[in-house]
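Reading through the structure tokens given below for one structure.
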Amino acid sequence: MGKGIGFGKVILFNEHFVVYGVPSIVSAIDKATVAVVERFDGEGWALEDERPATPGYKEEKLEQQRESIERILKAAGLDATKNPIKIWFGGDLVAASGIGASAASCVALARALSDEFGLQLSDERINELAYEGEKAYHGTPSGVDNTAATYGGLIWFVKGQPPLFERIELKEPVEVVMGNTGIVADTAAAVAGVRERKEKHPEKYAKLFKEAEELAYKARKALEDFNLKAVGELMDENHEQLRAIGVSCEELDRLVELARDHGAFGAKLTGGGLGGYMVALTPGKELQEEVARAIEREGFEALRTRIGVRP
Ligand code: MEV
9 MGKGIGFGKV ILFNEHFVVY GVPSIVSAID KATVAVVERF DGEGWALEDE
59 RPATPGYKEE KLEQQRESIE RILKAAGLDA TKNPIKIWFG GDLVAASGIG
109 ASAASCVALA RALSDEFGLQ LSDERINELA YEGEKAYHGT PSGVDNTAAT
159 YGGLIWFVKG QPPLFERIEL KEPVEVVMGN TGIVADTAAA VAGVRERKEK
209 HPEKYAKLFK EAEELAYKAR KALEDFNLKA VGELMDENHE QLRAIGVSCE
259 ELDRLVELAR DHGAFGAKLT GGGLGGYMVA LTPGKELQEE VARAIEREGF
309 EALRTRIGVR P
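For what it's worth, the numbering used here labels the leading residue of the sequence shown as 9, then goes sequentially.
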């Protein structure tokens with residue numbers, strides 16, 4: 009039996025912009041997907057997915073998940089027709105849009121395969137395999153999600169060949185609340201939408217992309233200085249930029265506003281958008297609880313977690 013885990017993630021700055029080479033900042037969260045791989049008597053591979061999930065998520069992603077598993081097996085050089093396996097997914101990360109669920113499961117599976125078949129894959133190789141798997145969900149993923157799911161911690165990530173990945177040191181972990189709209193969103197469609205609008209309005213988008221790039225450097229400095237007020241303000245600004253490129257929605261805007269009204273230092277959509285999660289910066293347990301309860305009172309699910317936790 010082989011076992012592996014992959015961390016969930018929260019993008020703090022520049023999802024979508026990152027697809028075009030703009031720097032982004034991402035943190036792993038303290039929730040993870042676990043994969044177990046076992047040889048069995050059946051044919052090919054079989055899947056048992058017991059992750060907690062937003063209703064509808066697993067059903068909607070099933071085709072993409074199957075393709076993703078095929079891609080990972082192929083990239084690992086494994087043939088399930090010769091070595092039939094049962095794959096089990098579990099853990100405490102909710103399978104939902106915006107929280108890195110697909111990347112976490114790809115990393116967990118790559119690690120479990122490495123364990124079961126004695127492949128001794130390095131983290132770098134695990135990350136590469138997970139990136140292959142992510143293509144089934146995103147089309148052209150930047151690689152930010154699988155990088156966070158593999159390495160954990162707080163990361164400065166720039167897409168490229170190879171991608172640039174640097175650790176950002178945070179003085180101490182900081183509480184955040186992630187509010188789930190409950191809407192299952194299609195990341196590939198959200199990314200395609202940005203591409204279409206960007207081609208249609210090149211000047212407007214060039215300006216927005218320049219601003220997002222400048223913001224990333226300010227955000228990195230604010231995090232390194234542990235200036236959380238500034239981090240929050242920059243998250244607010246980033247949300248406006250994401251709205252401007254068309255990836256927010258009514259529910260996300262509502263959650264963002266709710267979090268700010270209850271004292272969050274800043275709030276924004278996180279991940280692919282058009283549903284999925286919002287993240288609010290809520291330093292200290294008390295503020296975190298206040299914001300999480302406000303979200304729950306409105307009938308949404310709130311996840312209390314922290315950024316900057318090193319594995
Ligand atoms: C999705 O979590 C993040 C996006 O930027 C897509 C990607 O980076 O591949 C929307």
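Backbone N, C-alpha and C fix where the C-beta goes; we use that ideal spot for every residue, glycine too.
#1: Short of 7 Å in beta carbon distance, which residues of its chain neighbour residue 68, apart from the five on each side in sequence? Order them along the chain.
#2: Along the chain, where does the beta strand (DSSP E) containing residue 35 start, and where does it finish?
#3: Would you check if the stretch 141-149 and the stretch 77-96 touch, i.e. whether three or more CB-CB distances between them fall below 8 Å?
#4: My understanding is that residue 284 touches residue 130, with C-beta atoms under 8 Å, so please give their C-beta distance in whole angstroms.
#5: With a CB to CB cut of under 6 Å and the five nearest residues on each side skipped, what residues in its chain are close to residue 295?
#6: Taking residue 238 as part of the alpha helix (DSSP H), name the residues at either end of that continuous run.
#7: Could you compute how far the alpha carbon of residue 47 sits from the alpha carbon of residue 89?
#8: Leaving out five residues before and five after residue 55 in sequence, what residues of the same chain have Cβ atoms less than 6 Å from its Cβ?
#9: How would you write the range of the alpha helix (DSSP H) that residue 285 sits in, first residue to last?
#10: With 16 as the cutoff for other CB atoms within 10 Å, does residue 188 come out buried or exposed?
#11: Suppose only complete runs of 4+ residues qualify. What are the alpha helix (DSSP H) ranges in the stretch 122-149, listed by chain order?
#12: Assuming residue 112 contacts residue 40 (C-beta within less than 8 Å), just tell me the rounded distance between them.
#13: Quick one: grab the DSSP three-state call for residue 191.
#14: With a threshold of 7 Å (Cβ to nearest heavy atom), would residue 92 be considered close to ligand 1?
#15: Quick check on the burial criterion: 16 or more other C-beta atoms within 10 angstroms. Buried or exposed for residue 259?
#16: Quick one: grab the DSSP three-state call for residue 167.
#17: Going by alpha carbons, who is nearest to residue 101 out of 125, 302, 74, 157?
#18: Considering Cα atoms alone, identify which of 22, 166, 280, 236 is closest to residue 145.
#19: Looking at C-alpha atoms only, which residue of 307, 235, 287 is the closest neighbour of residue 179?
#20: Who are residue 313's beta bridge partners in DSSP?
#21: Just verifying my parser: in three-state terms, what is the DSSP assignment at residue 215?
#22: Can we say the stretch 25-39 touches the stretch 157-166, given the rule of at least three CB pairs closer than 8 Å?
#23: Does the Cβ of residue 16 have 16 or more other Cβ atoms within 10 Å, making it buried, or fewer, making it exposed?
#24: Give the straight-line distance between the Cα atoms of residue 151 and residue 38, rounded to the nearest whole angstrom.
#25: When you measure from the CB of residue 195 to every non-hydrogen atom of ligand 1, does any distance come out below 7 Å?
#26: Can you find a heavy atom of ligand 2 that lies under 7 Å from the Cβ of residue 244?
By the coordinates alone:
#1: 192
#2: 32-47
#3: yes
#4: Their Cβ separation, rounded to whole angstroms, is 31 Å, which puts residue 284 and residue 130 out of contact at 8 Å.
#5: For residue 295, same chain residues with a beta-carbon under 6 Å away, outside a window of 5 residues either side, are 271 in chain order.
#6: 236-252
#7: 11 Å
#8: 95
#9: First-last for residue 285: 285-289, but that is the beta strand (DSSP E), not the alpha helix (DSSP H).
#10: Sixteen is the threshold: when 16 or more other Cβ atoms of the shown chains lie within 10 Å of the Cβ of residue 188, as they do, the residue is buried.
#11: 131-146
#12: 6 Å
#13: coil
#14: The answer is no for residue 92.
#15: It is buried - the Cβ of residue 259 has at least 16 other Cβ atoms within 10 Å.
#16: The answer is coil: DSSP assigns residue 167 none of H, G, I, E or B.
#17: Checking every option, the nearest Cα to that of residue 101 belongs to 157.
#18: Nearest option by C-alpha distance: 280.
#19: 235
#20: 184
#21: helix
#22: yes
#23: When all chains shown are included, residue 16 counts as buried.
#24: 20 Å
#25: Flag set: Cβ of residue 195 near ligand 1.
#26: What this structure holds is ligand 1, not ligand 2.
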